[in-house]
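Residue numbers (our numbering): 18 to 393.
C-beta: ideal position from N, C-alpha, C; glycine also.
This is the structure we're talking about:
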């Protein structure tokens, strides 16, 4: 039978700060994302938030409550404080570590949807009590599922990422999980869907684009990318062969990706990069470099090949945060041999995102970036 017991406890007065928290969430629409989770938090607040029990007397292990050491601080309250203590917070500003001033307020807390209440209600209320700034964003991610069930070791529903990386490569695995699912929602994993995505997007779309372009560059120009064309106003005819359209697409994609990344919408950001890749693949078919070469249209052929190489260069730069190994392989093919460990290391004066800034370089042939995976 159930035995009911009572115990003395200290409470944190969450209710004291709840009106200020609601106002903060309403005035900062990106404070809790995705939007569905923001609505969930507001609904929880409106249903009535009780004060939180933060101490126990039934056991001795734990952080003692100052001034009343028969109590220990217990569950969530002490755990949340680690976000501050771990980076050197101290009530006396002079005693705070440099790490605290560097890392707080946090740009984003990425947490599981099952612990949203603690991070979007209890934790901000605690920070308000301390008169400290709140994190800029709390983002609640969904769960990966297999057969409709949450991944669980006890149930044997497990994906070993090391096995996937050994089999398909880190970039391919990273790309699949960021492009297949909307970050913030649940996602159903199957290896079949991973193979399908790798073959369609990486082997076919990206891999074939780079390989075909390098092959044609070798065949028509001895692997040397033709010189950039004159400015658009001096070369209207050539720019009407796709340069203007690609330039506009690049501007739209690069500006949109910044907003997507701010909201951790990796799927949407990658879709913008792939819109450029798909444009370039269509461009090959529509402009038919092989026909231009056969007809002796050297100026048009040079321009078309320049557009392809320039588009691929910019694609590599845009995908670098998502697929760094692949981006570096493309840069190596283009003769851009600098090594980049961080996106901040890219010299955008030498490698600008604007169309039409590519120097005259070689586009060498290599093995396909992503060999097609044959179904067993």
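| Query | Result |
| --- | --- |
| Under 7 Å between C-beta atoms of residue 242 and residue 337 | no |
| Segment limits, beta strand (DSSP E) that includes residue 85 | 85-90 |
| CB contact flag (residue 27, residue 142, <7 Å) | no |
| Residue 328: first and last residue of the uninterrupted alpha helix (DSSP H) it sits in | 315-336 |
| Cutoff 6 Å; reference residue 124; Cβ partners in own chain excluding five residues on either side | 153 |
| Rounded separation between residue 156 and residue 280 - CA only | 9 Å |
| Beta-carbon contacts of residue 68 that lie in its chain and below 8 Å, excluding the five residues immediately before and after | 28, 29, 30, 31 and 32 |
| C-alpha gap between residue 283 and residue 47, whole angstroms | 16 Å |
| Any beta strand (DSSP E) of 3 or more consecutive residues that is wholly inside the region 92-140 | 126-129 |
| Buried versus exposed, by CB contacts within 10 Å (16 or more), residue 207 | exposed |
| Pairwise C-alpha distance: residue 189 and residue 322 | 27 Å |
| Given 8 Å, three or more beta-carbon pairs between the region 301-321 and the region 225-239 | yes |
| When 304, 240 and 265 are compared against residue 317, the one with the closest alpha-carbon | 304 |
| Within 7 Å, strictly: CB atoms of residue 82 and residue 95 | no |
| Backbone CA spacing between residue 162 and residue 298 [nearest angstrom] | 34 Å |
| Local conformation of residue 73 per DSSP, three classes | strand |
| Own chain, CB closer than 6 Å to residue 319, minus 5 neighbours either side, in chain order | 243 |
| Limits of the alpha helix (DSSP H) - the one that residue 230 falls within | 225-238 |
| Span separating the alpha-carbon of residue 164 from that of residue 288 | 26 Å |
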